[in-house]
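Here our numbering is used: the first residue of the sequence shown is 14, the next is one more, and so on.
Step one of this worksheet: look at the structure below.
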Amino acid sequence: MDGQDLPKPPTFPVRPDLFNEVEWGPFPSDKDIALAYKLWIHQDGLLGKEVRYDPGSGREDEPEDDGPDTCLVRNVYEALMQLNPLPFAKSQQVETAQFRHEYIASDESDAGLGTVRAKGWSYKELFGMEYQNHADEPEVKIEINGLDLHSSRWRKAGLQKELRARHLNTNGTVAELKERLRNSELDNYRLGAKDIDKGSRLPRQTLLQWGCTRTDDYMLKISTETIFSPVDMYTWAILLSPYNPAYWTSRAFVYYQMGHLDLALGDAHRAQLLCDVITNPLVRNSQPGLYTRIWDAIERHILQIKYEGVKIAPEIKKLRDVSGVSAFIPHVRKSLHHMICLSLLTLQCWEDYQTIEGDQIKRITMRDRDSRAIQERQQLFAEFVKGVLKEKREDPREFFYESHYGHIPGKPYPYYQPIARTSNEVINNINKEIIGNSQSIQLGPCKIEVRGKSDRQLGVFAREYIKAGEVVYADEPSIRGHLHDFHRRKEYRCENCKRRITAVPNNRDALYYIKNSLAEARALGIACECALSESEPLFWCNPPRSLEADARKPEDRPHQAVSNAVPRSRKRGADGEDDSGGEREPKRQRTGPLSCFHVALTHYHYRTCGRDWQWLQDAMRPVKWALAERTPRLHYTNERHGTVLSLMLREVFDITLERRETDGKPNLLAYEIDELFPLMGADKEIEGHNFPFSFAANIKVPFDILQCLGVNIFRDMTFDTWVIQLVLRKLLINAIPWDLNRRVADVVDTPESKELRRNGLPSLPEIRFSEADPTIKDLYIFPGVSMFNSACPDQHNVNWDWDLAVPNRMVLWATRDIEEGEELLIPYVPMKIGGDFAQRMFGVGCRCSRCKDHPIVENVYRTLGPYGDSSSKDSEENTADNSEDDNDGGQGADDNNNKGSPITGEEESSSEPFATQRAMTPNPEDEGEYDEADFREESVQAKDHSGEPFTEAVVSWHADKLRTALKKAAKRLPRHRRGATDEQS
C-alpha cells in the first residue's frame, strides 16, 4: 500500500466541531452601524482616491470593477490589482500607509518648508463641533499670551506665527487672520480647552506587581484631541460592527501596506470565516446565531449607502435581488485570496502559498481579469517555489516541523506597549516571586538574584559564594504542553508531573467509580471528566493517602481505585522516585498535601476541562485514515505545519481567561500573565530578528483554540492577532523540550525520517507507527530558568538535569565554585555549535565570552552547515546507558546538560567530561538506605505544584554522588580547564 488509494490530505489541520461555545453578543444598534460606516467610508474613500488617481493626467479614473456587488471591498481589490502579481517590496512597506498627506507651505522654521507630512483624522474633522453658538451665549473674551485678540497692537506677522503654531492657513488680511485665530480659540474654549474622553476602548490592565500603572490608558483612545490613524479608524469600526467582513478586509490591507503581514493574515482569516458562513451551507448553521449576525451586519452596512439625487442606490437594489447579501461575498473572497497569497509570499511561506494559490480558481467563479491575475502569479513563481522547497526539504539544519515555516520580522505592533523587563520593579518582583520562591529554598537561603546587565538584558548573578555541586535553583514547570501518542499508548503518565501511572487508566472499577461519583473523585484529587474521554483521556497521579483518608473511610473506597499509584513510603525507591508526598501550604485556601490533580485545577486546568481536544492533538501529529476497515493506516501528519507550540498556547489562553475573573484583571493580555511577563519575546530585544511563521500554527489553530475556550474572536480584541504572536514568540524562545526518547539522539530528524513523514506514512505498517512520532512532544516553560543566560560549551558554570523524584522538575547546580557577583550561565546544548545557532534558537545571538566578539550570521535559515555532532565515543556510551534507562525520569549517562533548543535545538548526547546523571542514578543497594526521618516534611511555601517535597536529604544524596563524580572527572581534565575546586581536590 503506497497511499495512492487514499484521498489528498486536507490543506490545513481539520477545524474543531464548534457549536455553542461562543456567545455572539447583541446586535449592533442603528447608531453603532451608522458610526461604523462613517468611519469606514472616510478611510476607505481616501484609499479609493489613491487608487484611482492618475499622476500623469491629474484626474481620477473609474475602477474596472465598479459594479454594485463590489461595494464592500472595491478599493482594496483595485489596490491589490495594481500590485499583482508581485508582493510589496520592503521599501514599499510604510508605517504611514493610508494616511492623508499634508504639504507644508509655511512653518515656524525653514527646515519644515516644502515637506509632506502624514496627517490622521481628528475628532473635530469626523464629528464637527459638539457645542453650537446660542443666541444668549455671552461674548467670550479671547486673549493670547495675555493680549486681547481685538487689540490694535496685533500685527500680521504675529498673527501668522500663532496660526502656524496651530497648523492653520496664514494667508489673508489682518481681519481675516484675527477671525480665523478667534474661531480656533473659541472652539477650544467651548470644548473646555481640554481633552474630553468620548468613549475610549480597550483599556490596558494595571499590573502593580510589575510596576505598570496604567490609569486612563487605552489602546484605542477616543477623545476630542485624539488624532486617529487608519488602523484606529478600522479598529473602531470593527468594535462597533464586528461581523462585517468589509471592515476586517480593509484593516487587513492597511496592515499589509504597513508590513505587518502576520496581522494582515489574522484579519484576512477572520474575514474568510465570516464569508464562509454566508456561502458554505456545511458551516452555515454549525454555530447558531453567527449567520444571522453576519447577514445583519452586511445588510445594514449596504443600507447606509446614499447618493445625491438618487432615491435608491444601485447597491441597495442589488441587495434586494434574489441572492441578497450573498451576491456581495465573492468579491470579498477574491480580495482576501490575493492578500493572503501575497502576504505568504512575502513571509516566504512557500508551501502554504503553493497550496492556497492553486485552490482558489476551483472554488470561485471568476471573470477573466480575476483568474488571469492568479494564473500569472502562479506561472511566475512556480519554478522558483519548486526550487526553494527542494532546498528547504534537503536542508539538514531544519527539523521536519520547520518545513512549512516562513519568517516574520520582530517589529513593534501598532497597539503594543513595550515591556521594560530591566526596570527595578520587574527585577524586584522576579527575585521575590520567582527566584526567591524556588523549591531550592528548602535547602537553604537563596544565593542567586536577577540583575540587569544592560537596558535590554537580564542575568542571574551569585549573591554570595557558591560551592561546586551546590543546587542553585529547582522548580517545576509553570506552563505545560503534553502531546499524546497517536498510536496505542504503551504507558500513561501524569499530566502534571509526568510520572508513569497505571492504576486508573487500566482499571475498569476505577473508571466506573469516576463516572458515577465524579464530584467525589474531583474532591479527592483523583480525576475529572477528562479521564472519561474516549479520544484523549487525561490522568493524574493518585492523591497522597492522607488526603484520601481524611475524605472518607477505607471501606467506602472503590476497589483498587487509588491503590497502585499512592506513594509507597517515604523511602526512596530503586527507580528514583521520592514518594514522601510532603505537606505544603497552598495558595488558594487549601490545607494538607496536594494531589497532582488539585495542582492542575489550581494552576492551569480550567476551561479546558471536559472539552474534547483530539482535534488539537491531531493538529500536531500524524492522523490515521478514518475509513480503514481492518488494519489501521496513517494518512498524513500535521506536524509539517509547525504547530508544536499549540498545546502550550492553549494553556496560556486558559490561564489568561481564569486570571481575568479570579484576580480581578478583566483587561489582562495573554502575554502579560505572571508566567510570561518577565520573559524575553515582547520587548525591544526582539526587534530586527526573525521568527518562524506558518499560516496554520500562527493564525488558524490559535483562533480555533480561542473559540473552543468560548472567546469571541470577532468582538474580543484583547485576543487580537498581535497578542497571539507575542505569546508565541515568548513560548518559542523560552520553551524547553522534555521528551525521554530524544535525550541521547545525535540527529533527531534524519533525511530518511523526514521523507517518511512527508510521503511514506500511508505505507507504514502499524508495528512501525512509532517511527512517525513528532520530533518534540513535551514542552515546558520555566520562568526562573529563562532568567539564566546561556553560553557555549565550556563557558558555563551551572549545569542542570531533570529531577528523579518529579520527572519534569528541573534542578540546576554549580559545576565549579562561583564567586560573589559572578554571572551564572547554563549551556545551550552539549556539543559544538555554529555561530548562528543561538540566533536560530532564541532569535538573538550568543553573548558568552567566546562569542561576544564574533559577528552573528544574519541569514541563518538557509545555511546548510550541520549543527555539529557529538563524538562517536559519546554516542556509544549513551547507547549503552540508554538501554539501562528505566524510562521514568532517568536519562542516559551523558545527557545531564541537555537543555537543547527551546524548540529548534537538538537533544544530543553530552560532550561533558563527567557522567553526572550516572552519579545521580540510585544504585540497587541504596534501597532503604534512608528512613522517614531523613525526608523532612518541610512544606514548599511558594510552589504547591506536584505534592512532592524538595528536601535537603534528597538533594544532599544527589550532591554527594555528584561531587564524587566531579573529583574523578577533574583529574582527567587538562590543567588549563580545571577550576579552583578541581585544583584543591
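Think of the CB as a built atom: it goes at the ideal place given N, C-alpha and C, for glycine as much as any other residue.
If you drop the 5 nearest sequence neighbours on each side, which residues of the same chain put their C-beta closer than 8 Å to that of residue i?
i, result
"TYR268", "VAL244, LEU274, LEU276, ALA277, ASP280"
"ALA110", "PRO243, VAL267, GLN270, MET271"
"VAL345", "LEU85, VAL86, PRO258, ALA259, THR262, ALA284, CYS288"
For the alpha helix (DSSP H) holding residue i, just list the boundary residues, first then last.
i, result
"ASN442", "437-442"
"LEU825", "From DSSP, LEU825 is part of no alpha helix (DSSP H) but of the beta strand (DSSP E) over 823-827."
"MET633", "That residue, MET633, is in no alpha helix (DSSP H); it is neither H nor E in DSSP."
"MET271", "258-271"
"VAL6", "This structure cannot settle anything about residue 6, because the visible part of the chain is limited to 14 through 998."
Cα separation between residue i and residue j?
i, j, result
"LYS319", "LEU662", "46 Å"
"SER42", "LYS331", "24 Å"
"GLN56", "TYR414", "41 Å"
"GLU489", "LEU456", "16 Å"
"VAL64", "GLU389", "21 Å"
"PHE241", "LEU139", "10 Å"
"ILE749", "GLU370", "36 Å"
"VAL323", "THR83", "19 Å"
"ASN33", "ASP381", "41 Å"
"ARG535", "LEU670", "21 Å"
"ALA284", "LYS103", "25 Å"
"TRP7", "ARG634", "The shown model of the chain, from 14 to 998, leaves out residue 7, and the question about it has no answer."
"ARG168", "PRO691", "58 Å"
"SER491", "PRO645", "37 Å"
"LEU777", "ASP752", "23 Å"
"ARG193", "ILE353", "48 Å"
"CYS510", "GLN630", "19 Å"
"TRP813", "PRO840", "9 Å"
"ALA386", "GLU36", "39 Å"
"ASP786", "LYS21", "21 Å"
"ARG672", "GLU533", "26 Å"
"GLY449", "ILE443", "8 Å"
"LEU172", "LEU199", "16 Å"
Beta strand (DSSP E) containing residue i: first to last residue?
i, result
"ARG535", "Per DSSP, ARG535 belongs to no beta strand (DSSP E); it is in the alpha helix (DSSP H), 531-537."
"GLU115", "113-116"
"TYR486", "484-488"
"ARG214", "214-216"
"TYR619", "Segment: none, TYR619 is in no beta strand (DSSP E) and carries neither H nor E."
What does a CB cutoff of less than 7 Å around residue i pick up in its chain, not counting 5 residues either side in sequence?
i, result
"SER348", "VAL86, VAL89, TYR90, LEU93, THR262"
"ASP309", "PHE40"
Is the closest heavy atom of the ligand ZN to the C-beta of residue i under 7 Å?
i, result
"LEU744", "Judged by which ligands are present, the structure shown has none, so any question about the ligand ZN falls away."
So if DSSP puts residue i in a beta bridge, which residue, or which two residues, is it bridged to?
i, result
"GLU462", "PHE474"
"GLU156", "ASP161"
"ARG493", "TYR793"
"HIS420", "PRO705"
"TRP134", "PHE241"
"ASN802", "LEU838"
"PRO750", "LEU792"
"LEU220", "CYS225"
"ILE479", "ILE831"
"ASP210", "SER236"
"VAL129", "TYR116"
So what's residue i in DSSP terms, helix, strand or just coil?
i, result
"MET246", "helix"
"ILE1019", "Nothing can be reported for residue 1019: it is not among the residues displayed for the chain, which extend from 14 to 998."
"PRO935", "Here PRO935 scores only 32 on pLDDT, less than 50, and its place in the model is too uncertain to base an answer on."
"MET352", "helix"
"PHE232", "Position check: residue 232 holds Met in this sequence, whereas Phe was assumed. If DSSP states are grouped into helix, strand and coil, MET232 belongs with the strands."
"VAL811", "strand"
"LEU647", "strand"
"ARG770", "helix"
"LYS637", "strand"
"TYR320", "coil"
Excluding the five sequence neighbours on either side, which residues of its own chain have a C-beta within less than 6 Å of the C-beta of residue i, listed in chain order?
i, result
"LEU357", "ASP365, TYR366"
"GLY419", "LEU360, GLN361, CYS362, PHE706"
"PRO29", "TRP628, ASP717, CYS721"
"PHE213", "Per the sequence shown, the amino acid found at residue 213 is Ser instead of Phe. Contacts found: TYR231, LYS234, ILE235."
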